[in-house]
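Note sheet for the following structure.
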Amino acid sequence: MSGKRVLMQGNEACVEGALAAGMRFYAGYPITPSTEIAELSALRLPVLGGHFIQMEDEIGSMAAVIGASVAGTKAMTATSGPGFSLKQENIGYAAMAEVPCVIVNVQRVGPSTGMPTSTAQGDIMQCRWGTHGDHPVITIAPSSVSEVYTEIIRAFNLSEKYRVPVIFLMDETVGHMREGIEIPDPDSYQVIDRAMPDKKGDNWRPFAVDSEKDVPKLPPFGMGWRYHITGLTHDERGYPTSSPEKSAAFISRLMNKLALNRDDIISCDSYMLEDADIAVICIGSIGRSAKEAVNRARAKGIKAGVFRPVTVWPFPDKEVTELAKKVKRIVVAEQNCGQIVLEVERCVRGACPVTFKGKANGSMLMPDEILAAIEGGEN
Amino acid sequence: MSYNLKFRFAGSGGQGVILGTIILAEAALAEGYQVVQSQSYGPEARGGSCKAEIIVSSEEIVFPKIETADCLAALTQKALDQYIGSVAPDGIVIADSSLTIPESWHGRTEKIDVISTVYDVLKKPMTVNIVALGAINAILGVAGDKALEEAVLARVPKSTGELNMRALEEGRKLYKK
Chain W
3 MSGKRVLMQG
13 NEACVEGALA
23 AGMRFYAGYP
33 ITPSTEIAEL
43 SALRLPVLGG
53 HFIQMEDEIG
63 SMAAVIGASV
73 AGTKAMTATS
83 GPGFSLKQEN
93 IGYAAMAEVP
103 CVIVNVQRVG
113 PSTGMPTSTA
123 QGDIMQCRWG
133 THGDHPVITI
143 APSSVSEVYT
153 EIIRAFNLSE
163 KYRVPVIFLM
173 DETVGHMREG
183 IEIPDPDSYQ
193 VIDRAMPDKK
203 GDNWRPFAVD
213 SEKDVPKLPP
223 FGMGWRYHIT
233 GLTHDERGYP
243 TSSPEKSAAF
253 ISRLMNKLAL
263 NRDDIISCDS
273 YMLEDADIAV
283 ICIGSIGRSA
293 KEAVNRARAK
303 GIKAGVFRPV
313 TVWPFPDKEV
323 TELAKKVKRI
333 VVAEQNCGQI
343 VLEVERCVRG
353 ACPVTFKGKA
363 NGSMLMPDEI
373 LAAIEGGEN
Chain H
23 MSYNLKFRFA
33 GSGGQGVILG
43 TIILAEAALA
53 EGYQVVQSQS
63 YGPEARGGSC
73 KAEIIVSSEE
83 IVFPKIETAD
93 CLAALTQKAL
103 DQYIGSVAPD
113 GIVIADSSLT
123 IPESWHGRTE
133 KIDVISTVYD
143 VLKKPMTVNI
153 VALGAINAIL
163 GVAGDKALEE
173 AVLARVPKST
183 GELNMRALEE
193 GRKLYKK
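In structure tokens form, the structure reads like this:
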């Protein structure tokens, strides 16, 4: 830590952290509550030799981000619900063509235009399955302004390392609040840059790997390496194929790229779980409500704790299965009508009761509401 | 010594209540406290109701929003009526002198002439948040005068620095201990 404390908004920390990670291209279409990310990117990028483009819409924004990344630049876009829906087609293209990029979604109340200035967590499942077809995707959800800064750096690192779109899932609460934070010293974190291929032989197959744990090393366009990328299912050379064998090998590699590296990708936060009888599972800003609820439960002599997936996708399935064996009950607290609870129930497999506490009216799920669920009063 | 303040500032969109809390949060940060600032507002750019809040603490702030406020400062009757119910009984209500304090409130009340000062003394309605801030900080003692002045100057356009320093001073004078 450099020791200098500044008052920073979550959306500002998203930009500053992204710049620290090496983001030099931003294309977007402003939308509340993510607009400050576009505004600050427009101010900061030209000074650093980067580029900011306000595009005609969110579809074009996502396309521009993919183009910039294929040319070798770390690229980002930011949006909220309605725009996130529009980006889905091209997010699928990025997953298919293995183009690193970061998509920030500052969630607001939906569906449709919903409540633009109010908080929600209704897009969790859309991050996983918003674009069609089986595909790999990473999603990270921060709960404080300082975590926005450090986790957006991790989002870029994972995107570059595994060549996948990473969705940085904020919510209006985290995006719009300001906290006094210490800007991390650059020596305190790692910045991962894209790996380059070893040799340029005649038989170079850009998408070939030694094992499914490996990631293809694709050089930026314009550096003398000629290869083909496409949204069609392709072989190791990058050309379309409809061979069942090659197609099976392709989708297996695409999915296992993350599945076999899940321990490197998954990150979770635990609070007072060592002796807990009741675990509250939540993501993003609700981590703050849950922590306060647990403090109040502890003051009443109830042994409660918080388990918060910071990496939401891939979901920390093994961790939740283990947790369910240790506690007597799990409370899932979400700013929606029930999304993470579906994953939790899948992983708990009946090992302990699961109580759901949700809220989707635009006002934040409060500590006392979670406390009531911890105390078992409501379901 | 442990310090904890939950302060809510409410008014109408365009009055600068959000900026007011940002400035107060930065002044408190400069004094070495932990701070969280947040706001809620409607989709309108102006005229809708607007609420902003800060928590200032000597300890880590776990939950970033205010459930019960230690102090409410209101610039409009609508804001006062809407949020007075969530002020702690031993808390403070700061209201513009033109407003009517609801009968339900029996706690400490500080009425200050913010609106008439910006129209009659400064003749600049846009300084309403800074005048209020001067009075609010005089009442609550969140930050020293110097820290607050620096925080104001860091957040307002350079050409308005002098005007805003006058606004802050007029606000300070409105609170007579």
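If you're matching them up, the sequences are chains W and H in order. The numbers in the first sequence follow my numbering, run straight up by one, and end at 381. The numbers in the second sequence follow my numbering, run straight up by one, and end at 199. For every residue, glycine included, the Cβ atom is placed at its ideal position computed from N, Cα and C.
Quick check on this structure: which residue in the options has the alpha carbon closest to the alpha carbon of residue i?
i, options, result
"A96/W", "Q11/W, Y241/W, D125/W, S161/W", "S161/W"
"L220/W", "E214/W, R207/W, D212/W, S213/W", "R207/W"
"I169/W", "L367/W, S87/W, F309/W, E347/W", "S87/W"
"P118/W", "P32/W, C270/W, A250/W", "P32/W"
"A96/H", "P124/H, D118/H, T90/H", "D118/H"
"V308/W", "R298/W, S287/W, R331/W, L275/W", "L275/W"
"P389/W", "T34/W, S269/W, G85/W", "In the structure as shown, chain W starts at 3 and stops at 381, and residue 389/W therefore has no counterpart that could be examined."
"D200/W", "S254/W, V211/W, I194/W, E18/W", "V211/W"
"F252/W", "V217/W, G303/W, I372/W, Q192/W", "V217/W"
"I123/H", "Y105/H, T139/H, V140/H", "Y105/H"
"P355/W", "M366/W, I376/W, R46/W", "I376/W"
"E174/W", "A292/W, S287/W, R46/W, R310/W", "S287/W"
"G193/H", "F29/H, V136/H, K146/H", "V136/H"
"H53/W", "Y164/W, L325/W, I39/W, Y28/W", "Y28/W"
"L260/W", "D59/W, Y164/W, L50/W", "Y164/W"
"P65/H", "T115/W, L256/W, P318/W, A44/W", "T115/W"
If you draw a straight line from the alpha carbon of residue i to that of residue j, how long is it in whole angstroms?
i, j, result
"A157/W", "E82/H", "26 Å"
"T182/H", "K198/H", "27 Å"
"N381/W", "S60/H", "Its pLDDT being 45, under 50, N381/W is placed unreliably by the model, and the measurement read from it follows with that caveat. Spanning the two alpha carbons is a distance of roughly 30 Å."
"H236/W", "A99/W", "9 Å"
"N363/W", "D92/H", "26 Å"
"N436/W", "L144/H", "Beyond the ends of chain W as shown, which are 3 and 381, falls residue 436/W; an answer cannot be given."
"K87/H", "S244/W", "55 Å"
"E41/W", "A353/W", "48 Å"
"I194/W", "Y151/W", "16 Å"
"C129/W", "L262/W", "20 Å"
"D266/W", "A65/W", "28 Å"
"M3/W", "V176/W", "Only weak support exists for where M3/W lies, its pLDDT of 44 falling under 50; the value from the coordinates is given anyway. C-alpha separation (whole angstroms): 22 Å."
"W127/H", "M368/W", "25 Å"
"Q99/H", "S34/H", "10 Å"
"L175/H", "I161/H", "21 Å"
"G240/W", "G233/W", "10 Å"
"S272/W", "V296/W", "12 Å"
"S120/H", "V8/W", "37 Å"
"L196/H", "T149/H", "14 Å"
"S213/W", "N258/W", "10 Å"
"A110/H", "A299/W", "22 Å"
"E125/H", "V333/W", "41 Å"
"E184/H", "V111/W", "42 Å"
"L102/H", "N186/H", "25 Å"
"A15/W", "S62/H", "20 Å"
"Y191/W", "K6/W", "17 Å"
"A197/W", "N159/W", "11 Å"
What does a CB cutoff of less than 6 Å around residue i pick up in its chain, not counting 5 residues either side in sequence?
i, result
"L170/H", "A49, N159"
"S148/W", "I183"
"T323/W", "C349"
"E53/H", "A165, A169"
Give a yes or no on whether the C-beta atoms belonging to residue i and residue j are separated by under 8 Å.
i, j, result
"M78/W", "M127/W", "no"
"G107/H", "G129/H", "no"
"K202/W", "W227/W", "yes"
"G289/W", "S145/W", "yes"
"Q11/W", "G30/W", "no"
"A335/W", "K320/W", "no"
"Q337/W", "K361/W", "yes"
"P35/W", "S71/W", "no"
"D279/W", "K215/W", "no"
"V139/W", "C103/W", "no"
"Q109/W", "G132/W", "no"
"I372/W", "A301/W", "no"
"V140/H", "V153/H", "yes"
"C72/H", "A32/H", "yes"
"T313/W", "I61/W", "no"
Any heavy atom of the ligand NAP closer than 7 Å to the Cβ of residue i?
i, result
"L27/H", "In terms of ligand content, the structure shown is empty, and the ligand NAP therefore cannot be addressed."
Apart from the five residues just before and just after residue i, which ones in its own chain have a Cβ nearer than 7 Å to its Cβ?
i, result
"N151/H", "Q37, G38, V39, L41, G42"
"L51/H", "V57"
"K133/H", "A117, S119"
"A73/W", "P222, F223, G224"
Keeping to the same chain, check which residues put their C-beta closer than 8 Å to that of residue i; ignore five residues upstream and five downstream.
i, result
"I105/W", "M64, V67, M78, T79, A80, T81, F86, K89, I93, P167, V168, I169, F170"
Next on the checklist: Within 8 Å, do at least three Cβ pairs link the region 283-290 of chain W to the region 329-345 of chain W?
Outcome noted: The region 283-290 of chain W and the region 329-345 of chain W touch, with three or more beta-carbon pairs separated by less than 8 Å.
Next on the checklist: Counting beta carbon pairs with one atom in the region 138-156 of chain W and one in the region 13-23 of chain W, are three or more of them shorter than 8 Å?
Outcome noted: Flag = yes, the region 13-23 of chain W and the region 138-156 of chain W touch.
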